Structure formats: C-alpha cells, structure tokens
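Student: Residue numbers (full-length UniProt numbering), protein chains in the order written: chain A, 1 to 338; chain B, 1 to 275; chain C, 1 to 295.
1) For residue 220 of chain C, which option in C:40, C:157, C:53 has the closest C-alpha, if you only look at C-alpha atoms?
2) With DSSP collapsed to three states, give me the class of residue 234 of chain C.
3) So which residues on chain C does residue 127 of chain A lean against when the C-beta distance must stay under 8 Å?
4) Compute the Euclidean distance between the alpha carbons of residue 142 of chain A and residue 256 of chain C, then round it to the nearest angstrom.
5) Under the three-state reduction of DSSP, which class applies to residue 291 of chain A: helix, strand or coil?
6) Residue 56 of chain A by DSSP, collapsed to three states: which one?
7) Using a Cβ cut-off of 8 Å, which residues of the region 237 to 252 of chain C contact any Cβ in chain A, in chain order?
8) Just the Cα atoms here: how many angstroms apart are residue 15 of chain A and residue 183 of chain C?
9) Leaving out five residues before and five after residue 234 of chain B in sequence, what residues of the same chain have Cβ atoms less than 7 Å from its Cβ?
10) Please list the partners that residue 69 of chain A has in chain C, where partner means a Cβ-to-Cβ separation under 8 Å.
11) At a Cβ cut of 9 Å, what residues of the region 133 to 147 of chain B count as close to chain A, listed as they run along the chain?
12) I need the DSSP call for residue 222 of chain B, collapsed to helix, strand or coil.
13) Run down chain A in chain order and give the residues with a C-beta less than 7 Å from the C-beta of residue 233 of chain C.
14) May I ask you to list, following chain order, the residues of the region 131 to 150 of chain A that have a beta carbon less than 8 Å from some beta carbon of chain C?
15) What does the Cβ neighbour count give for residue 237 of chain A, buried or exposed, with the cut at 16 atoms within 10 Å?
16) Beta carbons nearer than 8 Å to chain B: which residues of the region 167 to 190 of chain A have them?
17) Using a Cβ-Cβ distance under 7 Å, would residue 215 of chain C count as near chain A?
18) Let's test the definition: count the other Cβ atoms within 10 Å of the Cβ of residue 306 of chain A and tell me whether it reaches 16, buried, or not, exposed.
19) Which parts of the region 129 to 170 of chain B are runs of the alpha helix (DSSP H), unbroken and 4 residues or longer, counting only runs that do not cross its ends?
20) Can you give the beta carbon distance from residue 106 of chain C to residue 204 of chain C, rounded, assuming they're within the 8 Å contact cut?
21) Assuming residue 108 of chain B and residue 176 of chain B make a contact with CB atoms under 8 Å, what is their CB distance in whole Å?
22) Alpha carbon to alpha carbon, how far is residue 95 of chain C from residue 211 of chain C? Give it in angstroms, no decimals.
23) Less than 6 Å between C-beta atoms, sequence neighbours within five positions excluded: which residues of the same chain meet that for residue 176 of chain A?
24) What residues are listed by DSSP as bridge partners for residue 102 of chain B?
25) Step through the CB atoms of chain C and report whether any lies within less than 7 Å of the CB of residue 217 of chain A.
26) Show which residues of chain A have a CB atom less than 7 Å away from the CB atom of residue 26 of chain C.
27) Does the region 144 to 158 of chain A touch the region 78 to 96 of chain A, meaning 3 or more C-beta pairs lie closer than 8 Å?
28) When you compare each of C:185, C:274, C:109 to residue 44 of chain C by their alpha carbons, which one comes out closest?
29) Which residue comes first and which comes last in the beta strand (DSSP E) that contains residue 257 of chain B?
30) Could you tell me which residues DSSP puts in a beta bridge with residue 17 of chain C?
31) Using only the alpha-carbon positions, how far apart do residue 26 of chain B and residue 243 of chain B sit?
32) Over the uninterrupted alpha helix (DSSP H) stretch that includes residue 192 of chain A, give me the two end residues.
33) Look at residue 277 of chain B and residue 162 of chain B and say whether their C-beta atoms are less than 7 Å apart.
34) Please state whether the Cβ-Cβ distance between residue 144 of chain A and residue 290 of chain A is less than 7 Å.
35) In chain B, what lies closer than 9 Å to residue 55 of chain A by C-beta?
36) Considering Cα atoms alone, identify which of B:236, B:208, B:134, B:64 is closest to residue 54 of chain B.
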C-alpha cells in the first residue's frame, strides 16, 4: 500500500455511510439508542485522536483522559457559569485548553522520555489532573458538574437552538465528521508521511533533515486537541460531567478502540468504538462484566490479533480476495532496530 | 614497547592538514569519551570541496564514533565541528542535514514498512519541507514531479524493479542502495558513508565501489567514508586519514599514506588492536 | 510539635513499607524481564481478597498465626496463578514492543478488576488486625498503632530477605547475569526461560503475600489495585527501575512525600505524590537512583 498515492474513495465512502446512518437514526431509533450513537461518535473522535499520536507518530499516551476531561469540564463550566459566551467560543476555549495542556506535557516530557517512559509520565499526569478535579470546588469536586445546558448555536445569520429536539445530536454528528475529516487529511498528507517516517525510524528521519522532537510534539498536540474536542462535545450531550471522565479507565478506552479496530488503519479506532458501543450496550447491566470484557478483549487483541479487526480483514482480503499482496498488511517493525 | 608517543603522533597528523579546495567539514581538537573510556583523542580532520576522504583504521580505532560525531548522531565531548564555516558541534543530525549532509548507516536504515518508492519520495518531501515547500494541507498525494524524481533515482541505482517492494523484505544490497538513493534525494553537498561495503561479496563490493564512484562524480559530491577494505579505500579515496586508538596518526594522499612506515606497522598487525 | 514529627515519621514509614511490599514483586519482574507489569496491582488485590476469604472463618478474633497463614495462602495462590499467566501471557510478550506489553498487562489488570467485582462484589469489605496487634502505643501526642509497626516490620523483613537472596546466593548472581545480558547467560548454559518463569511466579507470590499481609491495613474494594499500583509504579520509577535497593529507598522517599502532603495538604491527597513523580520523570527519566536495571 503506497502512502504517497492517496486513494480517498474508500475513506469517503465509509465516512458517508457512517454519516448517513447516524443522521437517519433519529427517525427510527429510541432515545437510548440515539444517546448511545452520540457517545459512539464522540468515542470515534477520541479514539482517532489517540491513534493519531500512537500509530502515526509512535507516541503512546496512557493519560488521554486528561484531555477529554479538560475539554468536558471547560465546556461544562463555561456553559453553566459564563452563559454570555457564544457556544462556538466556549468550544474554542475548551479545545485550546486541551491544546495548551498537550503542548506543556510534550515540552516537559516528550523530549526526554519516549516509549514506555512517556506513557507512564502521562499516566501520572492524568492521575494528577483527576485528583485536582475532585478537589476543585468550582468543578463540583467528587460530584462533578450537573445540569449542563445545550446553548444555542449562533452562526451570525441564523441561531439554532441546540437544546430543542435532536438538534444537538445533529450538531454533534456533523462536528465529529468534520473532526474526522480534518484528522484524515493530516494523517494522509505530507505532514502525516513525515510523522510516519519519525515513527518508523527516528534516526533515519533525523538524517533526512526531519526534526523528530518537533514532529512528535506536533502530533501529540493535534492528538490532545482533538481529544479535548471530543470531551467538549460530550459535556452538553451527557449534560453531566463527573470526575470519572478523568480516571485512567477513561484513558484506556481510546487504546482499546484503536487496537481492537486496528491501529495501523485510520478508521481502525472508529471500527473499535462502534463495536465497543454494541458490546457495552449488551453488557451494561452486569457488574464486573464490562471490566472483564474490556480487559479480555484488549488482551486477546494484543496477544492474538495484533493488527486488530481491520488488520485481520485486510489479511483475509489479500489471501482470498484474489488480489496480490501489495503490502497492505503492516509489517511489524518492533524488533528490527535496537 | 612503545613505538611512538602522543606528541609525535599529533604533530605528524597536524603536519598534513588541508590540501585543496575550500573546506566543507572540519573537526578541530575533537575528543569523545564514553564514561571513562576515551574513544577519540584530539582528532583533527578536514573535508575539502570535491575531496574523497576515507577514514581507515583497525576495528575499535574509533571510526564509527568519529563518523557519528561528524554527522551529528553524537555530540563531541569537547572540540569543534565546523560545517560550511558554521560551528555545528552541538547541532543534531537534522540541522546538519539541512546544511547539505547526507549519510548512510553501517547497517542500512530505511523505512521498513514503506515501499522503496515511498522511501525515496518521503525523503524528497523532507528535502522540500526543509526548503519551506510543504505542499499544502489539501495536497494529499505526493505530487507527480516528486514521484518522477524518485523513480528517476530508483532507476539510476538499479532499484526500479523493486520500487513497490517493502523495505523490510528488500535484499541486503538493495536496501543499501535504497539508503543511498534516500541520501541522494536530499541533494547533499557532502555524502557520508559508514562502511558502505561491509558484509558484501567481492563481486557486490566491486559494483558498489563503481556505483559510489559514479554518483559522487555525477552529483559533484564531496565524500567522507569509513572503510576497512583496503581495495575499496585505494579505489575511492583521494585522501586518507588513519585512525589508531582514537587518534589520527597519518593523514594525506593515498600514496603517501601507503608508504608510511607507521601505517604499514599498524596494518601488518604487529601492534595489538588489529582484528 | 514533636508529636507531629513523630506522627509524620511513623506514617511515612508505614506507607513506605506497605508500598514497598507491593513494589518488591513488581521490581523483580521489571529487573529481570524488563516488563512493567500493570497487573501486579490486580494480583495484589486478589491476594488480599483471598486472605480475606480465609480469615473470614475466624470472625473478629484472628490469631496472629492465622493472619500470617492467610498471607501465605494468598502468596501460594498467586504463585500458582503466576504459572498460568506466565504461560498464557508473559511468554508471548517476549518479542513484543514495549508499549504493547504495557497495554497487555494493563488489560490483565482490568481482567483482575472484573474478576474481583464478580466474585466479591463492589462493597467495601474489611478485616480486623490479628490479636495482639489491635492496640496502639502512645508516645507524647503521637498514636502508633501496633499493626502499623507490624507492617513496617514485614517490609523490612521482606527487603532484607530479598537483598540476601539477590546479593549473597548463586541464584541471585544468576538472576543478575540474566538481567544484564540474557543472550550471554543463555550462551553459558543458563536455562533463561526457566528463570523467567520462576521470576514471574516469585513476583506473583510476592504480590499475593503483600495482599495477605496488608489485608487489614485498609478496607477492601475493587479500587485497591489502582491505588497501590500507582504508588508501586512511582516507587519502581523513582527507584531507577528494577533494583530492590532502589525501590526500598524510593519507597521511603515517597512515604515522606506522602506523609508531609497528608499533614500539610490534607485536602489534596495525592497531588504532591503525583507531582513529585511527574517531576522526577521529567528531570531524570531513568529514575532518581542510577541507571542500572538489575534486581
């Protein structure tokens, strides 16, 4: 699979299919299903955001919940306490807060530590953010923020009341689609290829004149920013934000989505998030089963299907689909250097 | 038994400094320690425009370390590296690359999961980005011009047939040439090759020497390489520096170096350190 | 004031030794296999629950021998589990990239969480300390529970035992050889995979032992794994990854950080702890105490 020749058709078809299903859903599904669909859309953005840093630039974060939480809490706080702010401005501020946190994290830690070490640093920072949230009164301490409104969307010419009917749902779906589109562009274009070079072989990339540290910082910042966006969209959707969104179990979710769906593929986390949505819905009433399920699945994927669902399908397609293997299966680059 | 002392070595080396053309790359009083181990001791070295400078020496003499320090993979413990009249001692590899250096690794490094064509195309894109041409967000695929340039380089190095093969499954020799193509894609002024013929059969080695000779001439490159095959050294080199126990003991034109009694002694293996 | 100081000192040591008990198995596995094992906290937690189940038969009057016996049962049980986990999981992670190993062991932790929730439920459970360790010593203003003294003692004993085994026996020297260069160790005829298996089992048994010894130190809930694994990670990271002595010193260092934070920042538990860990990692990613990754 050539990365210098981008064939956008399959991506656009997939995105369009998802979009059509999501937009038609309110006409035949009940409230519970629609709510779940919104959560899945948010999770898709969250998962792809995580995977952008992980699979494209080789930066593993175990604390992505902190970006989600910052986006969610910032949005929740501003819609409750700063209701003069237009909604788009609120989103902008919330997302910028996530971007800032990502830049600070990367500047502090990414230059000095890579791989497992960086993952543990993000874990500790995530835990720190969680503690701070549970101890901050304006953020509702352990209770979180409840009664988050869905403010009107002021577009200048028209103002759409997002609190009415399924309006917020449509806004959510469209915004998620735009975010996915944006990340796909960055994943596929020349910038994305330079990130892939950095991940594939940092020493080689360095001697192609690529500033490895800068690329990692940029990738992590984009990832954190988009994770904050998913959190920002979540707050008015759930209308309640609790400290659990900052907990490290929340940080595991995008890892699971990405690995389950296939982290080598841009839409891998989307597949993982959709599948997880079904599983979660099916097991929601059973105590402990969800942990067993998430843990067991993740373990099974890492041990048995490292390429995830899309990786498996792609292998099958190449083997039985009559197409010659043109390298669509990602090659493990783990043990080649060092 | 000590055949020489340090001052005499240093003076011999210093006595044979710059030859011709303007100096592109220069090492002055370079030391490199790994903890308590002194790997490079007061190394002085010049690469002049158009020169083909070969660093030779027995295994463990510090060739690879010198190469890493010159290219920017490792910082020197002390001393100065000057690249095109600019002090680059503390600069990392990518900044030296942007000043016209292209290099290979002893074990060829290419992007393993990318095809040969993508490897070269990504290299050209990196060069373009370094000149401030980023192609824009909406241009997803690599432009035709870059693909054509990459295909040209692949054909030139005899890799056209494997253009769609992944780096991971390329044959050893192909991978070495692919790495060379990636370095050439940067349009460097200086090409630095670390043991380019290591692990090759005599036939492959002869072909590699001819190839390097041709591309250096075609692209008007200055060449710096480390090598321990003497045949290769004398075919390619216009200037040799002999590294021994981390010091440059002799530096000069091939015939002069070949005739030097000290070099003969080192290479005849009477002293320890020769593998 | 002296009471305050004494309390801080005492709390610091209790926290340190409790954390060291958990971190010791984690450290050994990291030192030899270079696997940062998230699930260690999970098996520690299951060990505690196993001990709880054993001690349940004794009601409120638990003799000391039964308490120690419960810990031993937990250690053996987790050691046995370790054999299985090694065969199914760790064995397959030998040639997997570090980040995937981290993800796999984290997944295993979630499995432990789910297992505990299914078997023992979500409610808080508790075990009272054994007979003879129920009261406290009063020194000035300070109250020193005897059970805490017991925890401190356990930590010291485990530390001294591990130090003895690792530095003064042939087993210890073999382990060090493998930690430094497994290839070379294999070349000189050491059965490296057997040693790896033994290390994992020992690590798991230590997790179970810690769970059993600390079962009365706090109430039991499915949160237990997460609380202790973060503390133990902190210790292993600051201790320079993989050295028992480093882990011991780091435990004490972080114990003081935690005790000072509990006294002067009582409303922000954990903030100082995580801030310290993040800071140390940023300044010295290889940990405060040296670079060596030997047990």
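Note that beta-carbon positions come from the ideal geometry of N, C-alpha and C, so glycine has one too. Bear in mind that the values here come from a model prediction, so they are computed numbers and not experimental data.
Tutor: The relevant details are as follows:
1) Position 220 of the third chain, counting from 1, holds the residue named residue 220 of chain C. Closest in C-alpha terms to residue 220 of chain C, from the list C:40, C:157, C:53, comes C:53.
2) Along the third chain, read from residue 1 onward, the residue named residue 234 of chain C stands at position 234. DSSP places residue 234 of chain C in helix when its eight states are reduced to three.
3) Against the first chain, residue 127 of chain A aligns to sequence position 127. Around residue 127 of chain A, the beta-carbon contacts reaching into chain C at under 8 Å are 230, 270, 274.
4) The sequence position of residue 142 of chain A within the first chain is 142, counting from 1. The sequence position of residue 256 of chain C within the third chain is 256, counting from 1. Cα to Cα, residue 142 of chain A sits roughly 26 Å from residue 256 of chain C.
5) Residue mapping note: residue 291 of chain A aligns to position 291 of the first chain, counting from 1. Under the three-state reduction of DSSP, residue 291 of chain A is assigned to helix.
6) Here residue 56 of chain A refers to the residue found at position 56 when the first chain is read from its first residue. In this structure, residue 56 of chain A counts as helix in the three-state DSSP scheme.
7) If the cut-off is 8 Å between Cβ atoms, the region 237 to 252 of chain C has 237 near chain A.
8) Counting from one through the first chain, the residue named residue 15 of chain A turns up at place 15. Counting from one through the third chain, the residue named residue 183 of chain C turns up at place 183. Whole-angstrom Cα-Cα distance: 49 Å.
9) Your numbering for residue 234 of chain B matches position 234 in the second chain. Closer than 7 Å at the Cβ level, and outside the excluded window around residue 234 of chain B, lie 254.
10) Here residue 69 of chain A corresponds to residue number 69 of the first chain, with the count starting at 1. Under the 8 Å cutoff, chain C gives no residues; its nearest Cβ is about 15 Å from residue 69 of chain A.
11) Taking 9 Å as the Cβ-Cβ cut-off, the region 133 to 147 of chain B approaches chain A at 134, 135, 136, 137, 138, 139, 140, 141, 142, 146, 147, given in chain order.
12) Stepping through the second chain from its first residue, residue 222 of chain B is reached at position 222. Correct three-state label for residue 222 of chain B: strand.
13) Sequence index remark: in the third chain, residue 233 of chain C carries index 233 (1-based). The contacting residues are 120.
14) If the cut-off is 8 Å between Cβ atoms, the region 131 to 150 of chain A has 131, 132, 135 near chain C.
15) Position 237 of the first chain, counted from the first residue, corresponds to residue 237 of chain A. Residue 237 of chain A should be labelled buried.
16) Per Cβ criterion, the list reads 185, 186, 188, 189, 190.
17) Counted from its first residue, the third chain places residue 215 of chain C at position 215. By this cut-off, residue 215 of chain C is not an interface position.
18) Sequence index remark: in the first chain, residue 306 of chain A carries index 306 (1-based). By the neighbour-count rule (16 or more Cβ atoms within 10 Å), residue 306 of chain A is buried.
19) Entirely contained in the region 129 to 170 of chain B, the alpha helix (DSSP H) runs reaching 4 residues are, in chain order, 144 to 156.
20) In the third chain, counting from the first residue as 1, residue 106 of chain C sits at position 106. In the third chain, counting from the first residue as 1, residue 204 of chain C sits at position 204. Actually they do not touch by this definition, with Cβ atoms about 17 Å apart.
21) Sequence index remark: in the second chain, residue 108 of chain B carries index 108 (1-based). Sequence index remark: in the second chain, residue 176 of chain B carries index 176 (1-based). Approximately 5 Å separates the beta-carbon atoms of residue 108 of chain B and residue 176 of chain B; this is inside 8 Å, confirming the contact.
22) As a position in the third chain, residue 211 of chain C is number 211, starting the count at 1. As a position in the third chain, residue 95 of chain C is number 95, starting the count at 1. A direct Cα-Cα distance of roughly 30 Å separates residue 211 of chain C from residue 95 of chain C.
23) Reading the first chain from its first residue, position 176 is the one you call residue 176 of chain A. These residues qualify, in order along the chain: 41, 45.
24) Translated into positions along the second chain, residue 102 of chain B becomes position 102. Beta-bridge pairing links residue 102 of chain B to B:191.
25) For the purposes of this step, residue 217 of chain A is taken as the residue at position 217 of the first chain. No, residue 217 of chain A does not count as interfacial toward chain C.
26) To locate residue 26 of chain C, count along the third chain from 1; it is residue 26. The contact set of residue 26 of chain C on chain A, defined by CB atoms closer than 7 Å, is empty, because the minimum CB distance reaches about 12 Å.
27) Under the Cβ criterion (8 Å, minimum of three pairs), the region 78 to 96 of chain A counts as touching the region 144 to 158 of chain A.
28) Walking along the third chain from the start, residue 44 of chain C turns up at place 44. When only C-alpha atoms are compared, the closest one is C:109.
29) On the second chain, residue 257 of chain B is found 257 positions in, with the first residue counted as 1. Residue 257 of chain B: not part of any beta strand (DSSP E); member of the alpha helix (DSSP H) spanning 254 to 259, first to last residue.
30) Counting from 1 along the third chain, the entry for residue 17 of chain C is found at position 17. Answer is none; residue 17 of chain C lacks a bridge partner.
31) Taking the second chain and counting its residues from 1, the one referred to as residue 26 of chain B is at position 26. Taking the second chain and counting its residues from 1, the one referred to as residue 243 of chain B is at position 243. If I take the Cα positions, the gap works out to 16 Å.
32) Along the first chain, one-based indexing puts residue 192 of chain A at 192. DSSP places residue 192 of chain A inside the alpha helix (DSSP H), whose first and last residues are 190 to 200.
33) Absent from the model: residue 277 of chain B. The displayed extent of chain B is 1 to 275, so no value can be given.
34) Your numbering for residue 144 of chain A matches position 144 in the first chain. Your numbering for residue 290 of chain A matches position 290 in the first chain. No, these two residues do not count as a Cβ contact at 7 Å.
35) In the first chain, residue 55 of chain A corresponds to position 55, counting from 1. Listed by position along chain B, the residues whose Cβ is nearer than 9 Å to that of residue 55 of chain A form an empty set, because the closest Cβ is around 11 Å away.
36) As a first step, residue 54 of chain B must be located in the second chain, where it is residue number 54. Its Cα nearest to that of residue 54 of chain B, the residue B:236 stands out among B:236, B:208, B:134, B:64.
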